[in-house]
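Here is the structure we will look at, set down as structure tokens.
Number of protein chains: 2
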Amino acid sequence: MGYSSDEKARESLDHAKEIVVDSIAETMDLYGVTRSAGTLYGTMYLEGDMTLDEMREKLGMSKPSMSTGVKKLQEFNVVKKTFRKGKRKQTYVAEHDFFQFFSNFFTQKWEREAKVNLHSIKEAQHILSSIIQDDNVSPELKEEAQEAYHIMENSKTYYKWLNKLVEKIETGEIFDLIPIDPEQEDKT
Amino acid sequence: MGYSSDEKARESLDHAKEIVVDSIAETMDLYGVTRSAGTLYGTMYLEGDMTLDEMREKLGMSKPSMSTGVKKLQEFNVVKKTFRKGKRKQTYVAEHDFFQFFSNFFTQKWEREAKVNLHSIKEAQHILSSIIQDDNVSPELKEEAQEAYHIMENSKTYYKWLNKLVEKIETGEIFDLIPIDPEQEDKT
DNA sequence: CCAAACGTTAAAAAGTTTCTTAACATATTA
DNA sequence: TAATATGTTAAGAAACTTTTTAACGTTTGG
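If you're matching them up, the sequences are chains P and A in order.
Okay, so the first sequence: first residue is -16 according to this note's numbering, each after it adds one.
Okay, so the second sequence: first residue is -16 according to this note's numbering, each after it adds one.
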């Protein structure tokens, strides 16, 4: 039978994976992804495509948790449904290109940030304009309105830049500007 | 006495500010900043420097909440202590340059992400190497270890790129690569 | 066509975070 | 030095989120 170390090796191997999965979960937590969703992503990243039941067994959690977790990850565009030939169960696969992950995750948020804020600024500035143009308003209030208007106007520059950044990322142009370092030797 | 619209104007003005503050809070929420911390930042952004008591009054919350909220924002490097001459109370000021905000906020997180994950990968790969080199381990396990090793090795490329991105942002080089659009006329 | 499998939704429970009140330590000024 | 102001810490309460158990509808295979 041989392979006397298999049991220990299995344990070490799982432990090694765990270290990285935890680490991924911890860092995703920085961006507001819950720990369990992060763990789920990390696990799928290392284990390849999985069914809900496989996830449940691996993480020791309930199936509905897996279902909602996967759904949340799908919303972030970092997990997709797949089909495993001949299998009845649905499988899911994690985005395994971190550059794509970065792109999907952040551009979605930045796009939203720019859109939401530019919209509010428009609305607010419309109100402020009325105040500024109203002759029955005291100079003090007018000035305060002017100042707020100006601050908002100023911030638009940022949101426009953010949209540019998003575009550069979505087109992949960002990787011309900031090149990806060539991979080095696999010194196993 | 004149300025017959002042009362209404005050209300409109506050409402206009509120719209933008809410919007800022909502979008900061996307990155894992709590709603109240976001509101605090937004308020300080529009109102200028404030004392804890001014914040408390403005947001209708307790002073300890303001204290911890400000502290959290300081951790993100987007709020700083200031001194208001002649005043005893400490004042705080929000980073009012959103480009600086972006820089401070994201580079901190990306730096941490790269550091934490590269460290775990190193640790995990060390374990995996032992398995791969152990002749008492079955080929199946070895292969699995190899595969995990390879995935991890591969992901290092991303973290290195992230560090490059951080550097480009910290040095401001990013704004040569993706220029900030010149501001346009203030068409009040 | 029936029985089992699968995934999701709903409601309840558990856990976590945020907020407030109260107490405390430090600094200021009268 | 005493009294007050200021900011923080600690403990408890409230609110919110996550997780689980249970139930439901749909699909699939015998």
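A virtual CB, placed ideally from N, CA and C, is assigned to each residue, including glycine.
P/A77 is bridged by DSSP to P/V62.
Secondary structure of P/M44 (DSSP, three-state): coil.
Fewer than three beta-carbon pairs drawn from the stretch 66 to 81 of chain P and the stretch 91 to 103 of chain P are found closer than 8 Å, and the two stretches are therefore not classed as touching. For P/V76 against P/T90, the beta-carbon gap comes to about 20 Å, at or over 8 Å, which does not count as contact. Under DSSP, P/M33 shares a beta bridge with P/Y75. About 18 Å separates the beta carbons of A/L42 and P/A131, which is beyond the 8 Å limit, so they are not a contact pair. Counting only residues of its own chain and dropping the five nearest sequence neighbours on each side, P/A128 has a CB closer than 6 Å to the CB of L111, I114, I115. Counting along the chain, the unbroken alpha helix (DSSP H) around P/P122 starts and ends at 122 to 154. Straight-line spacing of the CA atoms in A/N60 and P/D(-11) works out to 49 Å. Pairwise C-beta distances place the stretch 140 to 152 of chain P out of contact with the stretch 39 to 55 of chain A, as fewer than three of them are shorter than 8 Å.
Neighbours of P/N119 across chain A, judged by C-beta separation under 7 Å: Y(-14), S(-13), S(-12). Annotation for A/K(-9): the continuous alpha helix (DSSP H) segment containing it runs -11 to 12. In this structure the stretch 47 to 55 of chain A does not touch the stretch 0 to 8 of chain A; the number of beta carbon pairs closer than 8 Å is below three.
Assigned with DSSP and collapsed to three states, P/Y24 falls in helix. Linking P/D164 to P/G25 through their CA atoms gives a straight-line distance of about 23 Å. A Cβ of chain P is located within less than 8 Å of the beta carbon of A/K0. If you draw a straight line from the Cα of A/S(-13) to the Cα of P/L101, it is about 32 Å long. Assigned with DSSP and collapsed to three states, A/I115 falls in helix. Within the same chain, no Cβ atom closer than 8 Å to the Cβ of A/D118 is found once the five residues on either side in sequence are excluded. Residue state for P/D159 is assigned as helix, using DSSP reduced to three classes. Pairing A/T154 with P/A8, the inter-Cα distance amounts to about 29 Å. Around the Cβ of A/Q73, a 10 Å sphere holds fewer than 16 other Cβ atoms; the residue is exposed. At a Cβ-Cβ threshold of 8 Å, A/E78 and A/V62 count as neighbours. By the neighbour-count definition (other C-beta atoms within 10 Å, threshold 16), A/S45 is an exposed residue.
Look at the stretch 17 to 28 of chain P: it has no residue with a C-beta under 7 Å from a C-beta of chain A.
Taking a 10 Å sphere around the C-beta of A/K125, we find 16 or more other C-beta atoms and assign the residue as buried. Listed along chain A is no residue with a C-beta nearer than 8 Å to that of P/V61; the closest approach is about 13 Å.
DSSP, read as helix, strand or coil, puts A/K105 in helix. From the listed residues A/S121, A/I134, A/N137, A/L148, the smallest Cα separation to P/K(-9) is found for A/S121.
For A/H(-2) and P/A107, the gap between their C-alpha atoms comes out near 8 Å.
When secondary structure is reduced to three states using DSSP, A/K55 falls in the helix class.
With the criterion set as a beta carbon lying under 7 Å from some beta carbon of chain A, the stretch 51 to 75 of chain P has no members that meet it. For P/N146, same chain residues with a beta-carbon under 6 Å away, outside a window of 5 residues either side, are A97 in chain order.
Any Cβ of chain P closer than 8 Å to the Cβ of A/A8 would place that residue at the interface, and such an atom is absent.
Interface with chain P (8 Å Cβ-Cβ cutoff): A/L160 is included. The beta carbon of P/L42 sits no closer than 8 Å to any beta carbon of chain A.
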